[in-house]
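Let me begin by presenting the structure, written as structure tokens, before commenting on it.
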Amino acid sequence: MVKGLDKFSEFFKEFSGNYLLIGGAACDKQLENAGLDFRATKDLDIVLAAEAYSADFIKKFWEFIDLGKYEIQEKSSGEKIYYRFKNPEDDSFPWQLELFSRSLEIKLDDNATLTPIPIDEDVTSLSAILMDDECYEFTIKHADEIDNVKIASVATLMCLKASAHLDLKKRKEEGENVDSKDVKKHRNDIIRLAVTLADEDINDLPEQLEKDLKEVIAGFKNDPPDIEAIGRDLGLKGINLDTIIEQMERTFHL
């Protein structure tokens, strides 16, 4: 389990409709729920649900930040509203919180001072995906609640990972300073998540996400990932890439 997730879930148990956990922590929770291990991750990526905006939730959020005594508090500029909180003095709190809001400026606590945020590649990719109306609505709609935490579903996480992977891959090919490890990370995470796909039937996939998944699957076929290494990380033997691809195509009607 990601450090501090239990504290977060208990603190916000009355506000599960106000937010959605995505990213590595959500993957970790979904795989843990399936009895599998995920790669190490330290941060919580949170989407603020615009439809369920609540002043009480925002007040509760700032209370959490104050209790943890987060040393670094940052905010992006522009239409993609993004907040990052790092290095809590209380080490029982999550090491890093990343909060995404499509259009809602969070009312500052009276004592809060936010510095400009240095946006990294992962944040830029994820922000762009969530600014798309159809992708955002799909992400919010397809969610699970596990141990009092609202978490993006396995299918949703796979879609977000596919889009982030392709965005980073394209930008690296265009000469931007993108870490190859981040490009590979999202691609391998799709496989990790795919082994937990149940008999889901996703028939409302936005056109852009459908396109991205098809492109990722084509990439799997042309340049297969190290499926054995991924299996070892998960503690599984005999993972078959063809079977995973067939399951993805069946689940998403590709």
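FYI, in the working numbering the residues of the sequence shown are 657 to 910. A virtual CB, placed ideally from N, CA and C, is assigned to each residue, including glycine.
Exercise. Would you tell me roughly how many angstroms separate the C-alpha atoms of Phe794 and Thr812, rounded to the nearest one?
Key: Counting from one through the sequence shown, the residue named residue 794 turns up at place 138. Counting from one through the sequence shown, the residue named residue 812 turns up at place 156. Going from the Cα of Phe794 to the Cα of Thr812 covers about 8 angstroms.
Quiz item: Apart from the five residues just before and just after Cys815, which ones in its own chain have a Cβ nearer than 6 angstroms to its Cβ?
Solution: For this step, residue 815 is matched to residue 159 along the sequence shown. Here the set comprises Leu865.
Self-check item: Same chain, Cβ closer than 8 angstroms to Asn896, neighbours up to 5 away in sequence not counted
Solution: If you number the sequence shown from 1, residue 896 lands on position 240. So the qualifying residues of the chain are Ile883.
Quiz item: If we ignore side chains and look at the alpha-carbon of each, how far apart do Phe667 and Asn674 end up?
Solution: Working through the sequence shown from its first residue, we reach residue 667 at position 11. Working through the sequence shown from its first residue, we reach residue 674 at position 18. C-alpha separation (whole angstroms): 13 angstroms.
Quiz item: Smallest Cα separation from Glu871: which of Asp857, Ile846, Glu832, Thr852?
Solution: The residue you call residue 871 lines up with position 215 of the sequence shown. Cα-wise, what sits closest to Glu871 is Ile846.
Quiz prompt | Leu869 versus Asp855 - alpha carbon distance | solution = Against the sequence shown, residue 869 aligns to sequence position 213. Against the sequence shown, residue 855 aligns to sequence position 199. For Leu869 and Asp855, the distance between alpha carbons rounds to 18 angstroms.
Self-check item: Beta carbon of Leu753 nearer than 8 angstroms to that of Ile702
Solution: Mapped onto the sequence shown, residue 753 falls at position 97. Mapped onto the sequence shown, residue 702 falls at position 46. Going by C-beta atoms, Leu753 is nearer than 8 angstroms to Ile702.
Exercise. Tell me whether Glu777 sits in a helix, a strand or coil according to DSSP, three-state version.
Key: By one-based count along the sequence shown, residue 777 stands at place 121. Residue placement at Glu777 is poorly supported in this model, since its pLDDT is 49, which falls under 50; the coordinates still yield a value, given next. Helix at Glu777.
Quiz item: For the putative contact between Leu755 and Leu704, defined by C-beta atoms under 8 angstroms, what is the C-beta separation to the nearest angstrom?
Solution: As a working note, residue 755 is residue 99 in the sequence shown. As a working note, residue 704 is residue 48 in the sequence shown. Between Leu755 and Leu704 the beta-carbon gap is near 6 angstroms, inside 8 angstroms, which marks them as a contact.
Exercise. Return yes when the Cβ of Thr907 is within less than 8 angstroms of the Cβ of Gln686, no when it is not.
Key: What you label residue 686 is simply residue 30 of the sequence shown in a count that begins at 1. What you label residue 907 is simply residue 251 of the sequence shown in a count that begins at 1. At least 8 angstroms separates the beta-carbon of Gln686 from that of Thr907.
Self-check item: Neighbourhood of Lys825 by C-beta distance below 7 angstroms, restricted to the same chain and skipping five residues each side
Solution: Here residue 825 refers to the residue found at position 169 of the sequence shown. A distance below 7 angstroms between beta-carbons, with the five flanking residues on each side excluded, links Lys825 to the following residues of its chain, in chain order: Val839.
Quiz item: Distance, Cα to Cα, Phe741 vs Gln903?
Solution: Residue 741 sits at position 85 when you count from the first residue of the sequence shown. Residue 903 sits at position 247 when you count from the first residue of the sequence shown. Each residue's Cα considered, the two are about 38 angstroms apart.
Exercise. Kindly indicate which residue of Phe876, Phe664, Lys731, Ala808 has the alpha-carbon position closest to the one of Ile900.
Key: To locate residue 900, count along the sequence shown from 1; it is residue 244. When each option's Cα is compared against that of Ile900, the closest is Phe876.
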